[in-house]
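**Student:** Let me begin by handing over the structure; questions about it come next.
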Amino acid sequence: MAERSGAGSTEELDRVLADLRALSEDIESCAVLSGARDLLSSSHGPGVDRERVGAMLAALVNLSERVARENGKDHTSQLRIDTDEGHLLLVRLDGGGALAATTGPEARVGLVLYDMRNSRGEVEKVLAEGSNQ
Amino acid sequence: MKKLLRRLFLLGALAGAAYAARSYLQGKSPGKETVQIVFDDGSTRALASNTVEGQEFTDIARKILEVGL
């Protein structure tokens with residue numbers, strides 16, 4: 001079940017993440033991080049420390065932004081980390097937030113990233129509507 | 001001469017097969033962790049996990065994968 005705090009409609013963000021998971025069956029879990037590095041919505045199970053997960057995701061976003069700066073770029077638009085345990089994928093949102101997803105090691109990562117990029121617009125729209133209210 | 005060429009060809013084929021098998025096994029072996037970053041201008045940067053920079057990413061990713069999002 002998704003949880004959130006901050007800007008945007010809870011139900012709408014939950015719906016977008018649920019749609020993404022339904023579309024991309026390889027996704028095991030997904031989350032939305034705001035530009036202020038707050039965990040707005042996530043599909044984590046009970047017992048998962050939300051604050052800890054949010055902090056780890058924020059650390060990854062900050063690291064990728066640091067690498068971007070070191071390489072003379074404005075920002076990172078996509079991050080893919082392949083490990084033996086699975087894949088962690090991040091797609092940047094307008095305003096510096098991120099849409100994140102985890103998959104198993106055998107996932108079709110290219111397809112998952114494609115679906116995440118397609119869902120990005122919808123997440124951004126929900127966040128923009130939430131901040132206008 | 002013809003026999004020598006045939007042996008050389010056979011040796012080359014064997015070496016090629018051995019190299020292909022080694023590459024295949026390395027590709028499947030555990031410990032192959034990579035980080036790929038795509039920047040806003042479309043350029044990419046790959047970091048191997050045996051670099052300090054790459055390890056920072058993979059360490060955090062492993063923890064997140066352990067608990068889920």
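Quick mapping for you: the protein sequence lines, in order, are chains E and C. Each residue of the first sequence is one higher than the one before, starting from 1 at the first, in the working numbering. Each residue of the second sequence is one higher than the one before, starting from 1 at the first, in the working numbering. Cβ coordinates follow ideal geometry from the N, Cα and C atoms, glycine included.
Roughly how many whole angstroms lie between the Cα atoms of Thr-10/E and Leu-17/E?
**Tutor:** The straight-line gap from Cα to Cα measures roughly 11 Å.
**Student:** Which residues, taken in chain order from the stretch 75 to 94 of chain E, show a beta carbon closer than 9 Å to some beta carbon of chain C?
**Tutor:** Flagged, chain order: His-75, Thr-76, Ser-77, Gln-78, Leu-79, Arg-80, Ile-81, Asp-82, Thr-83, Asp-84, Glu-85, Gly-86, His-87, Leu-88, Arg-92.
**Student:** Can you say whether Glu-33/C is buried or exposed, counting buried as having 16 or more other CB atoms within 10 angstroms of its CB?
**Tutor:** Buried, by the Cβ-count rule.
**Student:** Classify Arg-108/E as helix, strand or coil using the three-state DSSP reduction.
**Tutor:** Coil, per DSSP.
**Student:** Give the DSSP-derived three-state secondary structure of Leu-57/E in the structure shown.
**Tutor:** Reduced to three states, the DSSP call for Leu-57/E is helix.
**Student:** Rounded to the nearest angstrom, what separates Val-80/C and Leu-63/E at their Cα positions?
**Tutor:** The structure shown does not extend to residue 80/C, since chain C is modelled only from 1 through 69, so no value can be given for it.
**Student:** With DSSP as the reference, label Ala-100/E as helix, strand or coil.
**Tutor:** Reduced to three states, the DSSP call for Ala-100/E is strand.
**Student:** Closer than 8 Å, CB to CB, is Val-123/E near chain C or not?
**Tutor:** False, the Cβ-Cβ gap to chain C never drops below 8 Å.
**Student:** Arg-80/E lies in the beta strand (DSSP E); which residues open and close that run?
**Tutor:** 76 to 83 is the extent of the beta strand (DSSP E) around Arg-80/E.
**Student:** Report the rounded CA-to-CA distance for Ile-37/C versus Ala-17/C, giving the unit in angstroms.
**Tutor:** Each residue's Cα considered, the two are about 33 Å apart.
**Student:** Taking buried to mean at least 16 other C-beta atoms within 10 Å of its own C-beta, is Gly-9/C buried or exposed?
**Tutor:** Residue 9/C is actually Phe in this sequence, not Gly. Counting Cβ neighbours within 10 Å, Phe-9/C comes out exposed, since fewer than 16 surround it.
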